[in-house]
Every structure is written in structure tokens, then in C-alpha cells.
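Peer 1: Taking the working numbering, the leading residue of the sequence shown gets 200, the next gets one more, and so forth. The structure under discussion is supplied below as C-alpha cells; questions concerning it will follow.
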Amino acid sequence: MNRAPRVLRRLTPRTLRGRLSLVALTAAALLMTVLTVVFNAVMDRHLQHQADDELRSRAAAVAATVDTTGRRVRVLETVNDRLLDAHVWIYAGTRLLEKPPSATAGDPPARAADRLAARPGDTCATVRAHGHRPVRLCAQRVPGRRATATVVTALDLTPYRDSAGTLLMGSLVLDAVMLGCTYVLTRLAVGRALRPVRTMTDQATQWSAMGSDERFGTEDHPAELARLGASLDALLDRTRTVLRHEQQLTGELSHELRTPLTRIVMELDWWRGRPRTDAETRATHEVIAEAARSMRTICDTLLNDARESALRPATVPGTTGILPVLDRLLRRLDRPERVKTAVETEAPELEAGVAPALLERILSPLLTNAVRYAHSRVTVSARRIPGAVRIDVVDDGPGVPEAFREELFQPGRRADPGDGHDGAGLGLPLARRLARAVGGEVTHDPGHTPGARFTVSLPAG
Numbered sequence: 200m201n202r203a204p205r206v207l208r209r210l211t212p213r214t215l216r217g218r219l220s221l222v223a224l225t226a227a228a229l230l231m232t233v234l235t236v237v238f239n240a241v242m243d244r245h246l247q248h249q250a251d252d253e254l255r256s257r258a259a260a261v262a263a264t265v266d267t268t269g270r271r272v273r274v275l276e277t278v279n280d281r282l283l284d285a286h287v288w289i290y291a292g293t294r295l296l297e298k299p300p301s302a303t304a305g306d307p308p309a310r311a312a313d314r315l316a317a318r319p320g321d322t323c324a325t326v327r328a329h330g331h332r333p334v335r336l337c338a339q340r341v342p343g344r345r346a347t348a349t350v351v352t353a354l355d356l357t358p359y360r361d362s363a364g365t366l367l368m369g370s371l372v373l374d375a376v377m378l379g380c381t382y383v384l385t386r387l388a389v390g391r392a393l394r395p396v397r398t399m400t401d402q403a404t405q406w407s408a409m410g411s412d413e414r415f416g417t418e419d420h421p422a423e424l425a426r427l428g429a430s431l432d433a434l435l436d437r438t439r440t441v442l443r444h445e446q447q448l449t450g451e452l453s454h455e456l457r458t459p460l461t462r463i464v465m466e467l468d469w470w471r472g473r474p475r476t477d478a479e480t481r482a483t484h485e486v487i488a489e490a491a492r493s494m495r496t497i498c499d500t501l502l503n504d505a506r507e508s509a510l511r512p513a514t515v516p517g518t519t520g521i522l523p524v525l526d527r528l529l530r531r532l533d534r535p536e537r538v539k540t541a542v543e544t545e546a547p548e549l550e551a552g553v554a555p556a557l558l559e560r561i562l563s564p565l566l567t568n569a570v571r572y573a574h575s576r577v578t579v580s581a582r583r584i585p586g587a588v589r590i591d592v593v594d595d596g597p598g599v600p601e602a603f604r605e606e607l608f609q610p611g612r613r614a615d616p617g618d619g620h621d622g623a624g625l626g627l628p629l630a631r632r633l634a635r636a637v638g639g640e641v642t643h644d645p646g647h648t649p650g651a652r653f654t655v656s657l658p659a660g
């Protein structure tokens, strides 16, 4: 039951160029078929009218030799009478007066002439003579005072039918030539029209592989190609974003995993350097296990961050309102009930010159740490400074230990790993790296007491 659709799918061209050419060829074939049928019908009608006009002219010439002024119909003899009598029947009423010398009583034209003579008015008919030759007959009345005559003339339609057949064959040949030209020209035109699309596709493939900054744009392109260029540009931007995220994730993993791997290698070298006691071996195992757990934590943290970034829509550099981002982040924070948060700003419409997702990733670790270590209050203030915006995150917690300040922004470092909080010591380093990537900075104010104050500087929007 499904064979017909499968055959049609197999016969359908696979390329857009072939499909458009097939559609154009089909449409042209339908149009030419209609035009050919109409043209040949009109020509057949025209040839028949020509034949009828010829028959009426001959009948009028013969009628001039028929006298109907008396009681009886008389046929007058004239010069060239034999030419006029060819294929002519003359009737007085329904009585036959003259017939063509070659006509016999039983042949189809003679019977048709008898029928036409019996009908009232001037009529015409077409019959098949011997040899299946088409013959056209027309009857014309010759009225008189006391008698009425009828002249029936006949004409062989073979030359007219031959002309119609020649016209039909010529139109079919012309249709075939036109269809061939239509198919060839359509393929050439479609191929030329699709050439820029093929070029754009090749360029997009090359640019996406290299992570190039080249883009198609929408200027100096037709509307369809402009929309295609915009779509390809958006795809290239997303591809470049994905490549940048992959490069960033690879770099962060290699950087963050270097320290625990170094510890593992050093412990193994130390353990194999000379015989060890069981206690020393167990201590080495504990160090290696701790380093492995640290590596797993680092991988989970970075991979989770990469997954969250992939789920966000691709963004391009722009401007972002600071207050909406702060409000959204503070609502998401899982903070103790004793800790209150406040946002202070001199301009509610203050904007930073970064994408919203990037601003969230920079501020999120700072707010998380502030809420985690604050005793009762976290204050976030934002204001404009020359050429930039400044965001201060202040908490009233214990602050950063002085001995740990130099390692504060080093990946994988924590002031107190046993404080009961989850984390791999990657939040602040990631925030600083992201801020620096857009020309900003994340710093810690060692002179602020009590608590801690972190400052984010970003380009102004």
C-alpha cells in the first residue's frame, strides 16, 4: 500500500535546484498543454470555417445557373459547366436534378446530400467517404416564386486535416523545445541564485571551525540572503560562544587540577623514595584520597558551571541594568533568617557594559560568600565612577583571615576547609577572571573592619 509514496520519494530530486527545476518544468508542461489544446481547437474551428466559406461560395456560383422563376426548376447551361458540376447536387424540392459525374446513389456523400436537401434552411454536415476521407457538405436554398431549389456542394477536407495535423505536430515539437529550454534555463537560474547560499554555507563552515570574527551582515544583500546571513551570523555567534566556553572550561580544569595532581605525584614519589611504615603509608593514602576528592569537587564545580552556562541563551556584549540582576540574585540566595540584605544605589537606572549572564556569574560568588559568613547584615552598594561602575559587597562577618589574604583569589584555596560549608575555592577566582576578561576587576579591601568588603569594577553601560 505504501509503494507509490516510496516510488515518488525516490523519483523526487534530492537537491533544491532539482526540485525547483522539476516544479518549473511541471508548471510549464501544464501551461503548454492547455495552450496547445486551445490553439489546435481554434485552428480546427478556423479551418472548418474556411471550408464552409469555400462551399458557400461555390454554392452561390451554382445557384446563379438555377432558374426558379417558372413553375419548374431549370438548370441553365453555362461555359465551364463541368467545373461547376463537380461535387455539386441540385434538387428541386427533394427531387434530384443533377449530381456529380463520379457520384453513385449509395455512397455516403450522396446519402448526406439527400438528407441535407430534405432539411429546411441552409445546413452543413461532415461524412466519411470511401477510404475514410472526410467530406464536408453544405446546402443552400434557391427560393423562387413557384418553385424552390437546393444546391448541395461537397469539399474534401483531407488537405485541411493535413494542415491541422501539421500544426499539431509543429506545436508539439515547439512544446518539447520550450520545455527543454525551460528546464535548462531554470537549472541555470536556480544554480546562479543559490550560488551565494552555497558560498555563505562554505564560509560559515570555515569560520565556525576557526572561531573567526568574520560575519556576513545584512547590508548589500537581497532580503532573503539578508535573513539567511542574519541566521548564520547568530549561529556563528553561538558556535563561537560554545568554543569559548570549551576553551575556558579546559583552561580552568587544567589550572585547577594542577595543584592536587602535584600533591599526588609528590606523595607517590616520597612514598617510593624509601621504605615506609604502615602509618606513613596510611597517611600517604589519606593525602592522595583527599587530593582525589578535591579533584572531583573541582571537576563537579566547573562542569556544573559549564552546564548552567550552556542552558542560558547565547548573549552578545551589551548593557545590563545592575539593580534587576542584584534583586534576582538576592532572591535566589539561601540565606539564614537572621541575615538581612540591603541594596543601595545613587541611580536606579545604573547599567554595566556586560551581558546579564556574565554579570550574574561575577556577582553570585561574592553574594554567596557574604551571606554565608555574615552575622546579621549584607549591604550591596552600586555607583558610577569615571569610566566604570563600582559594586561593593559588604558583610559584618569575621572577615578574611590575614594569613589567607594572599591566597584569597587562588583557585582551590579555602581559609578553613573544615568550616562545614560546601565549595572548592573556585568562586572568587572565577569571578575575578570573568571580570578581567571584560576589562573589569574584583578586589578585596583588607582595611575594612569589621567583616569583609569586596569590590567589583566593570565597564559602564
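From the three backbone atoms N, C-alpha and C, an ideal C-beta is built for every residue, glycine too.
Might you give, ordered along the chain, the residues of its own chain that have their beta carbon closer than 7 angstroms to the beta carbon of Phe-608, omitting 5 neighbours on each side?
Peer 2: Leu-627, Pro-628, Arg-631
Peer 1: Just curious, the alpha helix (DSSP H) that Arg-314 is in, first and last residue?
Peer 2: Counting along the chain, Arg-314 sits inside the alpha helix (DSSP H) bounded by residues 307 to 317.
Peer 1: Can you give the Cα-Cα distance for Gln-402 and Leu-393, rounded to whole angstroms?
Peer 2: 14 angstroms
Peer 1: Of all the beta strand (DSSP E) runs that stay within the bounds of the region 363 to 400, which reach a length of 3 or more residues?
Peer 2: none
Peer 1: Is Asp-477 helix, strand or coil when you go by DSSP?
Peer 2: helix
Peer 1: Roughly how far, in whole angstroms, is the beta-carbon of Trp-288 from the beta-carbon of Ala-312, given that I think they are within contact range, below 8 angstroms?
Peer 2: 4 angstroms
Peer 1: What do you get for Ile-584, buried or exposed, if any count of 16 or more other CB atoms within 10 angstroms of its CB means buried?
Peer 2: exposed
Peer 1: For Leu-460, which residues of its own chain have a beta-carbon under 8 angstroms away from its beta-carbon, when the five flanking residues on both sides are left out?
Peer 2: Ala-490, Met-494.
Peer 1: The alpha helix (DSSP H) spanning Gln-609 covers which residue range?
Peer 2: Premise fails: Gln-609 is in no alpha helix (DSSP H) and is neither H nor E.
Peer 1: Run the CB neighbour count on Asp-252, radius 10 Å, all protein chains shown included, and call it buried at 16 or more, exposed below.
Peer 2: exposed
Peer 1: Buried or exposed: Asp-298, going by 16 or more other Cβ atoms within 10 Å of its Cβ?
Peer 2: Per the sequence presented here, residue 298 reads as Lys, with Asp not at that position. Buried, by the Cβ-count rule.
Peer 1: DSSP three-state call for Phe-653: helix, strand or coil?
Peer 2: strand
Peer 1: Could you check whether the region 535 to 543 touches the region 570 to 583, counting it as contact only if at least three pairs of C-beta atoms, one from each stretch, sit closer than 8 angstroms?
Peer 2: Output reads yes: the region 570 to 583 touches the region 535 to 543.
Peer 1: Hey, would you say Leu-557 sits closer than 9 angstroms to Val-637, going by beta carbons?
Peer 2: yes
Peer 1: Straight-line CA distance for Ala-291 to Ala-226?
Peer 2: 59 angstroms
Peer 1: Go ahead and label Phe-603 buried or exposed: buried means 16 or more other beta carbons lie within 10 angstroms of its beta carbon, across all protein chains shown.
Peer 2: exposed
Peer 1: What is the rounded straight-line gap between the Cα of Ser-154 and the Cα of Leu-224?
Peer 2: The structure shown has nothing for residue 154, since the chain only spans 200 to 660.
Peer 1: Just the C-alpha distance for Pro-600 and Asp-644, rounded to the nearest angstrom, thanks.
Peer 2: 12 angstroms
Peer 1: Which class does Pro-600 belong to by DSSP, given the choice of helix, strand or coil?
Peer 2: coil
Peer 1: Helix, strand or coil: which one does DSSP assign to Gly-269?
Peer 2: coil
Peer 1: Report yes if the C-beta distance between Asn-239 and Leu-434 is below 9 angstroms; otherwise report no.
Peer 2: Cβ atoms of Asn-239 and Leu-434: not closer than 9 angstroms.
Peer 1: Drop a sphere of 10 angstroms on the beta-carbon of Glu-559, count the other beta-carbons inside from all chains shown, and report buried for 16 or more, exposed for fewer.
Peer 2: buried
Peer 1: Since Ser-220 contacts Arg-391 with CB under 8 angstroms, what's their CB separation in whole angstroms?
Peer 2: In fact, because the Cβ distance is near 13 angstroms, the residues do not count as touching under 8 angstroms.
Peer 1: If you measure between the beta carbons of Leu-336 and Leu-354, is that distance less than 9 angstroms?
Peer 2: Their beta carbons are under 9 angstroms apart, which means Leu-336 touches Leu-354 by this criterion.
Peer 1: By a C-beta neighbour count over all protein chains shown, 10 Å radius and 16 as the cutoff for buried, is Thr-476 buried or exposed?
Peer 2: exposed
Peer 1: One question on the structure: do Ala-259 and Ala-348 come within less than 9 angstroms of each other, judged by their Cβ atoms?
Peer 2: no
Peer 1: Let me know the secondary structure DSSP gives Gly-428 once reduced to three states.
Peer 2: Three-state DSSP puts Gly-428 in a helix.
Peer 1: Report back the beta-carbon spacing between Gly-639 and Leu-657 to the nearest angstrom; my notes put them in contact at under 8 angstroms.
Peer 2: 4 angstroms
Peer 1: Let me know the secondary structure DSSP gives Thr-648 once reduced to three states.
Peer 2: coil
Peer 1: Can you tell me the Cα-Cα spacing of Ala-651 and Pro-597, whole angstroms?
Peer 2: 7 angstroms
Peer 1: If you draw a straight line from the alpha carbon of Leu-633 to that of Arg-534, how long is it in whole angstroms?
Peer 2: 25 angstroms
Peer 1: Could you please give me the residues that DSSP links to Ala-659 through a beta bridge?
Peer 2: Ala-551
Peer 1: Assuming contact is defined by CB atoms lying nearer than 9 angstroms, are Gly-428 and Met-399 in contact in what I supplied?
Peer 2: Yes, the Cβ-Cβ distance between Gly-428 and Met-399 is below 9 angstroms.
Peer 1: Figure out for me which residue from Arg-327, Met-377, Pro-523, Gly-320 has the closest Cα to the Cα of Pro-547.
Peer 2: Pro-523
Peer 1: Note down, in chain order, each residue of its chain lying with its Cβ closer than 8 angstroms to the Cβ of Val-515, except the 5 sequence neighbours on either side.
Peer 2: Model confidence at Val-515 stands at a pLDDT of 44, short of 50, so the residue's coordinates are unreliable and nothing is read from them.
Peer 1: Does the beta-carbon of Trp-406 have 16 or more other beta-carbons within 10 angstroms, so that it is buried, or is it exposed?
Peer 2: buried
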